[in-house]
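Chemist: Quick note, the sequences are listed as chains A and B, same order. Under my numbering, the first residue of the first sequence is numbered 450, with each subsequent residue one higher. Under my numbering, the first residue of the second sequence is numbered 450, with each subsequent residue one higher. Positions of the beta carbon are idealized from the N, C-alpha and C atoms, including for glycine. Quantities reported herein were computed from a predicted structural model and do not represent experimental measurements. First the structure, which I've put down as structure tokens, then a few questions once you've had a look.
There are 2 protein chains.
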Amino acid sequence: MNVTHQEWIDQAIELAYENTKEKRGKPFGAIIVKDGEVIAKGVNDVLQTHDPTAHAELQAIRAAGQKLGTSDLSDCQLYASGEPCPMCLGAIYLSNLKEVYYAYTAEEEAAAGLGTQYYYEQLALPKHQRDIQLQHVKTNAGDRDPFALWKKLGR
Amino acid sequence: MNVTHQEWIDQAIELAYENTKEKRGKPFGAIIVKDGEVIAKGVNDVLQTHDPTAHAELQAIRAAGQKLGTSDLSDCQLYASGEPCPMCLGAIYLSNLKEVYYAYTAEEEAAAGLGTQYYYEQLALPKHQRDIQLQHVKTNAGDRDPFALWKKLGR
Numbered sequence: 450m451n452v453t454h455q456e457w458i459d460q461a462i463e464l465a466y467e468n469t470k471e472k473r474g475k476p477f478g479a480i481i482v483k484d485g486e487v488i489a490k491g492v493n494d495v496l497q498t499h500d501p502t503a504h505a506e507l508q509a510i511r512a513a514g515q516k517l518g519t520s521d522l523s524d525c526q527l528y529a530s531g532e533p534c535p536m537c538l539g540a541i542y543l544s545n546l547k548e549v550y551y552a553y554t555a556e557e558e559a560a561a562g563l564g565t566q567y568y569y570e571q572l573a574l575p576k577h578q579r580d581i582q583l584q585h586v587k588t589n590a591g592d593r594d595p596f597a598l599w600k601k602l603g604r
Numbered sequence: 450m451n452v453t454h455q456e457w458i459d460q461a462i463e464l465a466y467e468n469t470k471e472k473r474g475k476p477f478g479a480i481i482v483k484d485g486e487v488i489a490k491g492v493n494d495v496l497q498t499h500d501p502t503a504h505a506e507l508q509a510i511r512a513a514g515q516k517l518g519t520s521d522l523s524d525c526q527l528y529a530s531g532e533p534c535p536m537c538l539g540a541i542y543l544s545n546l547k548e549v550y551y552a553y554t555a556e557e558e559a560a561a562g563l564g565t566q567y568y569y570e571q572l573a574l575p576k577h578q579r580d581i582q583l584q585h586v587k588t589n590a591g592d593r594d595p596f597a598l599w600k601k602l603g604r
């Protein structure tokens, strides 16, 4: 099998097109390839499922991990129709994906009203400068401290 | 009902403790509260499901959106046992959560071997300086351009 990056990315774009045409969701699709075969697909399913995390890349990463029986996707390639948002880029890091290809750029996404630049700017800020301020609540776990147990179990 | 932040956060910590004790997963739990009621829960399920995105906060956000029938969680509160990673913080932004509380700090996570500082540092870098280089492939969608269709449909 000798499929080029262009052909894989076209498959991701076609998923995005069909997702839009069927009025199922936003215009994003993604595939994950291993050893020259597509092992997982995803489309933006936020509108359909009401799951705010159901971006195409995240759906494909979830499916790939479950299919392969490992959360380590370091020997896979991700092809995304659009440049990933910070949540999806976080998932790319967490899954050890090394090779990621995309077609539509962040600038093209922004021009279509689908930009994620604000989120990148927010995550790049020192935490006390972000618009959403996460609030620390003192722990009170006593002898039911999950971190102490985690360390004790040596996981 | 008059449950304090401390009591909600203790519920999230208890989820984390049970998840660890049952050797199900990593020591993280999260709950989402709306109008004084818990509407969704999540634990870190990565080890069990092999889904690299199955962090406690993400699982709780997914469940809350599906339960409420909306991806807009702006009237909810998230209580997470640990300070969220960038993927989860991205999901917090995408779901419009405004109030987020956590117990264990990023520093405590790092001390337990569960730190996410590297990911924050990576996402804060200009994209050409990140360890994972996303690669642009030119689009070739012709009359099956998902963004053009999206704009035409006025979604």
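Take the Cβ of B:Y528 as the centre, count every other Cβ of all protein chains shown within 10 Å, and call the residue buried at 16 or more, exposed below.
Modeler: Here residue 528 of chain B refers to the residue found at position 79 of the second sequence. Per the 10 Å Cβ criterion, buried.
Chemist: Taking B:I458 as the query, report the chain D residues whose CB atoms sit under 7 Å from its CB, ordered along the chain.
Modeler: This model lacks chain D altogether; the protein chains it does include are A and B.
Chemist: To test your reading of the DSSP string, which unbroken beta strand (DSSP E) runs of 3 or more residues are found completely within the stretch 507 to 588 of chain B?
Modeler: For the stretch 507 to 588 of chain B, whole beta strand (DSSP E) runs of length 3 or above, ordered along the chain, are 526 to 531 and 548 to 553.
Chemist: Could you tell me the alpha carbon to alpha carbon distance between B:W599 and A:E557, rounded to whole angstroms?
Modeler: In the second sequence, counting from the first residue as 1, residue 599 of chain B sits at position 150. In the first sequence, counting from the first residue as 1, residue 557 of chain A sits at position 108. When rounded, the distance between both Cα atoms is 12 Å.
Chemist: Under 9 Å between beta-carbons, which chain B residues line up against A:G514? List them in chain order, please.
Modeler: Numbered from 1 along the first sequence, position 65 holds the residue referred to as residue 514 of chain A. In chain order: V495, T498, H499, D500, P501, T502 and A503.
Chemist: Look up A:E486 in the DSSP assignment and give the residues it is bridged to.
Modeler: As a working note, residue 486 of chain A is residue 37 in the first sequence. Per DSSP, A:K483.
Chemist: Check the Cβ-Cβ distances between B:V492 and every residue of chain A, and say whether any is below 8 Å.
Modeler: The count along the second sequence starts at 1 and reaches residue 492 of chain B at position 43. Closer than 8 Å: no.
Chemist: Do you know offhand how far B:Q578's Cα is from A:G531's?
Modeler: Looking up residue 578 of chain B in the second sequence gives position 129. Looking up residue 531 of chain A in the first sequence gives position 82. Straight-line Cα distance between these residues: approximately 20 Å.
Chemist: Can you tell me which of the three DSSP states A:G603 falls into?
Modeler: Counting from one through the first sequence, the residue named residue 603 of chain A turns up at place 154. Of the three classes helix, strand and coil, the one that applies to A:G603 here is coil, per DSSP.
Chemist: Kindly say whether A:A552, judged by its beta-carbon, lies nearer than 8 Å to any beta-carbon of chain B.
Modeler: Against the first sequence, residue 552 of chain A aligns to sequence position 103. At least one chain B Cβ lies under 8 Å of A:A552.
Chemist: Hey, B:G539 and A:G539 are a contact pair by Cβ (cut 8 Å); roughly how many whole angstroms apart?
Modeler: One-based indexing of the second sequence puts residue 539 of chain B at position 90. One-based indexing of the first sequence puts residue 539 of chain A at position 90. Yes, B:G539 and A:G539 are in contact; Cβ-Cβ is about 6 Å, under 8 Å.
Chemist: On the DSSP bridge assignment, give the partners of B:G491 in chain order.
Modeler: By 1-based counting over the second sequence, the position of residue 491 of chain B is 42. B:G491 pairs with B:A479.
Chemist: Quick check on the DSSP output: the alpha helix (DSSP H) that includes B:H454 runs from which residue to which?
Modeler: Looking up residue 454 of chain B in the second sequence gives position 5. H454 to K470 is the extent of the alpha helix (DSSP H) around B:H454.
Chemist: Taking the CB atoms as reference points, tell me whether B:L464 and B:K490 lie closer together than 8 Å.
Modeler: By one-based count along the second sequence, residue 464 of chain B stands at place 15. By one-based count along the second sequence, residue 490 of chain B stands at place 41. A contact, by the Cβ cut-off of 8 Å.
Chemist: Express the C-alpha separation of A:N545 and A:T565 in angstroms, rounding to a whole number.
Modeler: Walking along the first sequence from the start, residue 565 of chain A turns up at place 116. Walking along the first sequence from the start, residue 545 of chain A turns up at place 96. If you take the alpha carbons of A:T565 and A:N545, they lie about 22 Å apart.
Chemist: What does a CB cutoff of less than 6 Å around A:P535 pick up in its chain, not counting 5 residues either side in sequence?
Modeler: On the first sequence, residue 535 of chain A is found 86 positions in, with the first residue counted as 1. These residues qualify, in order along the chain: Y568, Y569 and L572.
Chemist: Near A:E548, what residues of its chain come up, given a Cβ to Cβ distance below 6 Å and the 5 sequence neighbours on each side ignored?
Modeler: Position 99 of the first sequence holds residue 548 of chain A. Same-chain partners within the cutoff: Q526.
Chemist: Specify the secondary structure class of A:R593 as computed by DSSP and reduced to three states.
Modeler: Numbered from 1 along the first sequence, position 144 holds the residue referred to as residue 593 of chain A. DSSP places A:R593 in helix when its eight states are reduced to three.
Chemist: Which residues in the same chain as A:A513 place their Cβ atom closer than 7 Å to its Cβ, once the five residues preceding and following it in sequence are excluded?
Modeler: As a position in the first sequence, residue 513 of chain A is number 64, starting the count at 1. Excluding sequence neighbours, A:A513 sits near I481, I488, A489, L522 and C525.
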